[in-house]
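> Before I ask anything, here is the structure I am working with.
Below you can see the structure in the form of structure tokens.
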């Protein structure tokens, strides 16, 4: 067990702002509030923070968040690229910093006005000659401009090779929605839906329709990472980072890895899963609940396969048995997911996975949750984290 | 605006909600044949029930009626309004908006209910209240508020004959709109939208320049012969930076695809089918699939491509079913 990150850091605080379609305030204000809420939850002071991690695409500079919240000296700051793929990568950065003594208390944050400000559904455009613009230049002129269009192209292929149908997408979307119905923080709080409404949804990019697509939200979420020793002295039961890994697999492009032998799969998540399990000696059988990144409903299916809950191509059967529901094998996205709670780039998902382990989810499964899995956005370099109860 | 100015502005506009635009007023003209005929001619409505007394008398209407959708006409002020609009309560409200920068005005929609058909000789009166102000909302025109007025129409017996909800958007126009509204030269330069072009840099300009000349090339490593697409500066197999290219025959098959419906971007035709094409040479290329019903496109479909001009500025490879 040399050179292993497992159990070297714990999440001790979680916090979020309200989620909305128009926050009416700055992203910095959202970030500061989420960070403060996470510190309060942990029983820590801003001056305890000495490290910060966020997404490269977050618009809030670490120093600005630190000044806004009133943090003291920072000895660690780091960012993770590739949109939602960064979510658990940020936890990885924080855990490494804590495990190596680079920092003691690291805050991971993400705050965005994702609906009232820049909307990712608005797609890309090529005003700048950057590496990223050159890359999207292979797709923009043809009209593949949005995350939905890229994911749809993978999905079509996934359906072709596995025989998966929209029945499975509906189950993913529906189980998330039914959780959101009980979650006052969720966009779809008290708003259930049925198959007829799902089928009648607006066409986006075939085979995706509107209810296969996540929210666009304003809001912020944050978690606090520190050492397990320190975690024992804090307000909340610490949640151990049992395993955390990220991966960019061979021939990866940002959202458009269309040139691999097969594209209806997620090799980067397969590798991250293997690595995270190896770190803690756990397997899929040990995972009791999950938060699986759901920018679009089909991507949940692929990730279930990556993390070994079923064999490749069999996620459709796994979910058809109700596995994602509250009494199912793997209660998943119990906050409503990004499909139905809010789209905070997966960091609201990390918050929920911590709640699952603490036993405080608004949809807490009846069984004991010893280990929860939380994953990051896919199509990009990605990863996931296995969280567990402290002994 | 500062938060103080915002709350001052909000207080001012909200004070108008529920106010009457003025007392109930009788229309300038009673319902009459001449105005009905002019309206029917301009609209192109040839229903003889509006203009032919004999026909109308024989119809179930038993005489000429005014087109229902003329209802608002009977309340209109007429041409003097263009020169010196009356300063009524509604105008005052618009002035408040304008003094805070909400200078844009857009009639967004009306909803009208008709209770009975009007006949020549009917005397229409109208009464308008400012019913609601909704906002601020971010709209395609700019940040704005929707003003909803409700007008009730009555006849000479004070019986209601119709009701209209009228929504107007007052918005802050973006700077270029303001310039155009001012009659600047930009107003003349309206261009049709074209597809978003790829930026061209060291590693890809040669490929797009070939497309501009009608050819699709595939980059080839000069050292080991490996083909690669999209182009990149080094061979991933042998790390050589020497390369040339071959021309694709554009024979291929659909490896994956999607039919794009929403959101719609200016300059693109929808629904739009885009595919990942497996080329005969072995590399893949993302390109449009056209020439067939979108629902006919499937994985494995044999296709043949050609470079075509798709808009004023853009040449692209497009693939057709074989």
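Chains as they are written, first to last, in the working numbering: chain A, 1 to 391; chain B, 392 to 713.
We put the CB at the ideal spot given by N, CA and C, even for glycine.
Note that this is a predicted model, so its numbers are computed, not measured.
What does the alpha-carbon distance come out to for the pair residue 686 of chain B and residue 680 of chain B?
The alpha-carbon atoms of residue 686 of chain B and residue 680 of chain B are separated by roughly 11 Å.
> With 16 as the cutoff for other CB atoms within 10 Å, does residue 41 of chain A come out buried or exposed?
It counts as buried.
> Would you mind sorting residue 692 of chain B into buried or exposed? The rule is 16 or more other CB atoms within 10 Å of its CB.
With 16 or more other Cβ atoms within 10 Å, it is buried.
> Take residue 35 of chain A as the anchor and find which of A:7, A:104 and A:110 has the nearest alpha-carbon.
Among A:7, A:104 and A:110, the Cα nearest to that of residue 35 of chain A is on A:110.
> Enumerate in chain order the residues of its own chain whose CB-to-CB distance from residue 407 of chain B is below 6 Å, with the five nearest sequence positions on each side excluded.
Answer for residue 407 of chain B: 484 and 521, listed in chain order.
> Any beta carbon of chain B sitting closer than 8 Å to that of residue 134 of chain A?
Yes, because at least one Cβ of chain B sits closer than 8 Å to the Cβ of residue 134 of chain A.
> Can you tell which of B:542, B:704 and B:636 has its C-alpha closest to the C-alpha of residue 586 of chain B?
Cα-wise, what sits closest to residue 586 of chain B is B:704.
> Among B:672, B:612, B:413 and B:677, which has the Cα closest to the Cα of residue 666 of chain B?
Residue B:677 is the option with its Cα nearest to residue 666 of chain B.
> Provide the residue span of the beta strand (DSSP E) that contains residue 242 of chain A, from first to last.
From DSSP, the beta strand (DSSP E) with residue 242 of chain A extends over 239-247.
> Quick check on this structure: which residue in A:376, A:164 and A:53 has the alpha carbon closest to the alpha carbon of residue 74 of chain A?
That would be A:53, whose Cα lies nearest to the Cα of residue 74 of chain A.
> Kindly indicate which residue of B:624, B:603 and B:437 has the alpha-carbon position closest to the one of residue 613 of chain B.
The shortest Cα separation from residue 613 of chain B among B:624, B:603 and B:437 belongs to B:624.
> So that I know if they touch, is there some Cβ in chain B lying closer than 8 Å to that of residue 152 of chain A?
Chain B contact via Cβ: present.
> With 8 Å as the threshold, decide whether the Cβ of residue 227 of chain A is near any Cβ in chain B.
For residue 227 of chain A, the answer is no, since every Cβ of chain B falls outside 8 Å of its Cβ.
> Shorter than 8 Å from the beta carbon of residue 141 of chain A to some beta carbon of chain B?
Cβ-Cβ to chain B under 8 Å: yes for residue 141 of chain A.
> Is it buried or exposed, residue 489 of chain B, if we count other Cβ atoms within 10 angstroms and call 16 or more buried?
So residue 489 of chain B counts as exposed.
> Candidates A:276, A:305 and A:173: which alpha carbon is nearest residue 212 of chain A's?
Selected option, being the one with the closest Cα: A:173.
> May I ask which residues mark the beginning and end of the alpha helix (DSSP H) holding residue 712 of chain B?
Taken as a continuous stretch (DSSP letters only), residue 712 of chain B belongs to no alpha helix (DSSP H), being part of the beta strand (DSSP E) at 705-712.
> By alpha-carbon positions, which one of A:60, A:207, A:349 and A:350 ends up nearest to residue 169 of chain A?
With distances taken between Cα atoms, residue 169 of chain A lies closest to A:207.
> Assuming the contact rule is C-beta atoms closer than 8 Å, residue 515 of chain B and residue 403 of chain B should be a hit. Round their C-beta distance to whole Å, please.
No, residue 515 of chain B and residue 403 of chain B are not in contact; Cβ-Cβ is about 33 Å, not under 8 Å.
> Please determine, among A:57, A:181, A:294 and A:185, the residue with the shortest C-alpha to C-alpha distance to residue 191 of chain A.
Residue 191 of chain A has its Cα closest to that of A:181, out of A:57, A:181, A:294 and A:185.
> Does DSSP put residue 697 of chain B in a helix, a strand or coil?
Correct three-state label for residue 697 of chain B: strand.
> Closest to residue 616 of chain B by CA distance: which of B:432, B:626, B:415 and B:453 is it?
Considering only alpha carbons, the answer is B:626.
> I want to know whether the region 62-72 of chain A touches the region 182-201 of chain A - three or more CB-CB distances under 8 Å.
With a cut-off of 8 Å, the region 182-201 of chain A and the region 62-72 of chain A do not count as touching, because too few Cβ pairs lie within range.
> Thinking residue 340 of chain A and residue 154 of chain A are a contact (beta carbons under 8 Å), I'd like their distance in whole angstroms, please.
The pair is not a contact, with the Cβ atoms about 22 Å apart (cut-off 8 Å).
> Over the uninterrupted alpha helix (DSSP H) stretch that includes residue 205 of chain A, give me the two end residues.
Where residue 205 of chain A is concerned, there is no enclosing alpha helix (DSSP H), although the beta strand (DSSP E) it sits in stretches over 203-205.
> Tell me whether residue 37 of chain A is buried or exposed, calling it buried when 16 or more other Cβ atoms sit within 10 Å of its Cβ.
So residue 37 of chain A ends up on the buried side.
> Per DSSP, what are the beta-bridge partners of residue 395 of chain A in this structure?
For residue 395 of chain A there is no data in the structure shown, the boundaries of chain A being 1 and 391.
> Using the C-alpha atoms, what's the distance from residue 183 of chain A back to residue 15 of chain A?
Roughly 15 Å separates the two Cα atoms.
> Please report the Cβ distance between residue 411 of chain B and residue 480 of chain B, rounded to the nearest whole angstrom; I am assuming they are in contact, meaning their Cβ atoms lie under 8 Å.
Sure, about 7 Å apart at Cβ, within 8 Å.
> From residue 222 of chain A to residue 345 of chain A, what does the alpha carbon distance come to, in whole angstroms?
Rounded to the nearest angstrom, the two C-alpha atoms are 11 Å apart.
> Give me the subset of the region 217-248 of chain A whose CB atoms are less than 9 Å from a CB atom of chain B, sorted by chain position.
Going along the region 217-248 of chain A in chain order, one finds no residue with a Cβ nearer than 9 Å to chain B.
> Alpha carbon to alpha carbon, how far is residue 513 of chain B from residue 546 of chain B? Give it in angstroms, no decimals.
Taking the straight line from one Cα to the other gives about 7 Å.
> Below 9 Å between beta carbons is the criterion; list the residues of the region 631-651 of chain B that meet it against any residue of chain A, in chain order.
If the cut-off is 9 Å between Cβ atoms, the region 631-651 of chain B has 646, 647, 648, 649, 650 and 651 near chain A.
> Residue 659 of chain B versus chain A: which residues are under 7 Å apart at the beta carbon?
143, listed in chain order.
> Is the CB-CB distance between residue 98 of chain A and residue 3 of chain A below 8 Å?
Contact flag unset, no.
> Starting from the C-beta of residue 309 of chain A, find all residues in its chain whose C-beta is less than 7 Å away, skip the five residues before and the five after it, and write them out in chain order.
Around residue 309 of chain A: 284, 318 and 330.
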